[in-house]
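Each number in our numbering corresponds to the 1-based position in the sequence shown with 405 added. Glycine residues also receive a C-beta, built at the ideal position from the N, C-alpha and C atoms. All values reported here derive from a predicted model rather than from experimental measurement. Below: the structure, in structure tokens.
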Amino acid sequence: MTNLDPSRARLRLDAALDGLAATFRGMTAHPDEHNCDCHWGSAEDLAQLKVADTELDPDLLRRTWEAIDWSDHASVLRRILPQFATALAHGLIEPLFGMETVGRSFALGHWRRWPAGQAAAVEEFLHAWWAYTLTDPDPAVPAHEVLIVSAEASGALSPWLRTWEAVTGPAADQHLAEAAAQWEYDLLGDQLPWNAWENEEEMRAELTVWLVRHAPTRLRAIGVSEELLHRIRLLGVTGPDRWEDPHWPGHRY
Numbered sequence: 406m407t408n409l410d411p412s413r414a415r416l417r418l419d420a421a422l423d424g425l426a427a428t429f430r431g432m433t434a435h436p437d438e439h440n441c442d443c444h445w446g447s448a449e450d451l452a453q454l455k456v457a458d459t460e461l462d463p464d465l466l467r468r469t470w471e472a473i474d475w476s477d478h479a480s481v482l483r484r485i486l487p488q489f490a491t492a493l494a495h496g497l498i499e500p501l502f503g504m505e506t507v508g509r510s511f512a513l514g515h516w517r518r519w520p521a522g523q524a525a526a527v528e529e530f531l532h533a534w535w536a537y538t539l540t541d542p543d544p545a546v547p548a549h550e551v552l553i554v555s556a557e558a559s560g561a562l563s564p565w566l567r568t569w570e571a572v573t574g575p576a577a578d579q580h581l582a583e584a585a586a587q588w589e590y591d592l593l594g595d596q597l598p599w600n601a602w603e604n605e606e607e608m609r610a611e612l613t614v615w616l617v618r619h620a621p622t623r624l625r626a627i628g629v630s631e632e633l634l635h636r637i638r639l640l641g642v643t644g645p646d647r648w649e650d651p652h653w654p655g656h657r658y
């Protein structure tokens, strides 16, 4: 396991953001792209997406990444990616319906199908942001929310959990404690703690197994409550044995 140097992780994130800026410089939305004047924005707003490398105001950026009805989502995403990713890393993106909607914006662009250099730049940003978050005691975006973005953007949970498993240290362990406290209610009700775009049941099962296997030792070492440890233990128990356990928290669903 690895205790990452936060300063090196920060340099990696900065380099990844620079890489996005260089890779997607000059990108614009498709010339024929359109959206609803009534619900999305004006013709003047739309025209800004067809001009390269100009900063969008925060409201226009939000409306652009939130929209799911672009005819060419990939070109719109490429247009906003450098600014969008920088805003994400600085905690400036606050979605109304959960961080899964941020990851969904990436997924709708099908970025893994892009030319190799473009796909690599996106993947490096996601991994660099995740690694830095795990090393930062007070990240701009909580680790459990960055995990949601990364999982939804990539359509997979395993790579991000492997990184969390590998990265040790006080910050990563404290983030694990906070995440477990956030997740235990939903997971004990056999629900994923966010609304996944796809593979919801597979992600729920994977997250549950991972927490049961890897969280208790780390969390016990940093002195989390016995109550939380029991709730994680109960994730490994099924059926009546779970809710008839003397440490069942009394959750109602």
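Relative to the C-alpha of Ala-414, which residue among Ala-533, Ala-548 and Val-551 is closest?
-> Residue numbering aside, residue 414 sits at position 9 when the sequence shown is read from its first letter. Measuring from the Cα of Ala-414, the nearest candidate turns out to be Ala-533.
Under the three-state reduction of DSSP, which class applies to Val-572: helix, strand or coil?
-> In the sequence shown, the residue the question calls residue 572 occupies position 167. The answer is strand: DSSP assigns Val-572 an E or B state.
Per DSSP, what kind of secondary structure is Pro-411 in: helix, strand or coil?
-> Counted from its first residue, the sequence shown places residue 411 at position 6. In this structure, DSSP gives Pro-411 a helical state, which the three-state scheme calls helix.
Is Thr-540 closer than 8 Å to Ala-548 when the C-beta atoms are compared?
-> Along the sequence shown, read from residue 1 onward, the residue named residue 548 stands at position 143. Along the sequence shown, read from residue 1 onward, the residue named residue 540 stands at position 135. With contacts defined by Cβ atoms closer than 8 Å, Ala-548 and Thr-540 do not form a contacting pair.
Which two residues bound the contiguous alpha helix (DSSP H) that contains Leu-461?
-> Sequence index remark: in the sequence shown, residue 461 carries index 56 (1-based). Neither: Leu-461 is in no alpha helix (DSSP H) and is coded neither H nor E.
Nonlocal neighbours in the same chain, by C-beta distance under 6 Å from Glu-589, ignoring five residues either side = By one-based count along the sequence shown, residue 589 stands at place 184. Annotation for Glu-589: Arg-636 place their beta carbon closer than 6 Å to its own, counting only its chain and skipping 5 residues before and after.
Alpha carbon to alpha carbon, what distance is there between Gln-523 and Val-507?
-> Along the sequence shown, read from residue 1 onward, the residue named residue 507 stands at position 102. Along the sequence shown, read from residue 1 onward, the residue named residue 523 stands at position 118. Rounded to the nearest whole angstrom, the C-alpha separation of Val-507 and Gln-523 is 19 Å.
Near Trp-445, which residues of its chain fall below 7 Å by C-beta distance, leaving aside the five closest residues on each side in sequence?
-> In the sequence shown, the residue the question calls residue 445 occupies position 40. Excluding its 5 nearest sequence neighbours in each direction, Trp-445 has C-beta neighbours in its own chain below 7 Å: Arg-468 and Ala-472, listed in chain order.
Simplified DSSP assignment, three categories, for Tyr-590 = The residue labelled residue 590 in the question sits at position 185 within the sequence shown. Correct three-state label for Tyr-590: helix.
Out of curiosity, what's the CA-to-CA distance linking Asp-419 and Tyr-658?
-> Here residue 419 corresponds to residue number 14 of the sequence shown, with the count starting at 1. Here residue 658 corresponds to residue number 253 of the sequence shown, with the count starting at 1. Between Asp-419 and Tyr-658, the C-alpha separation is close to 43 Å.
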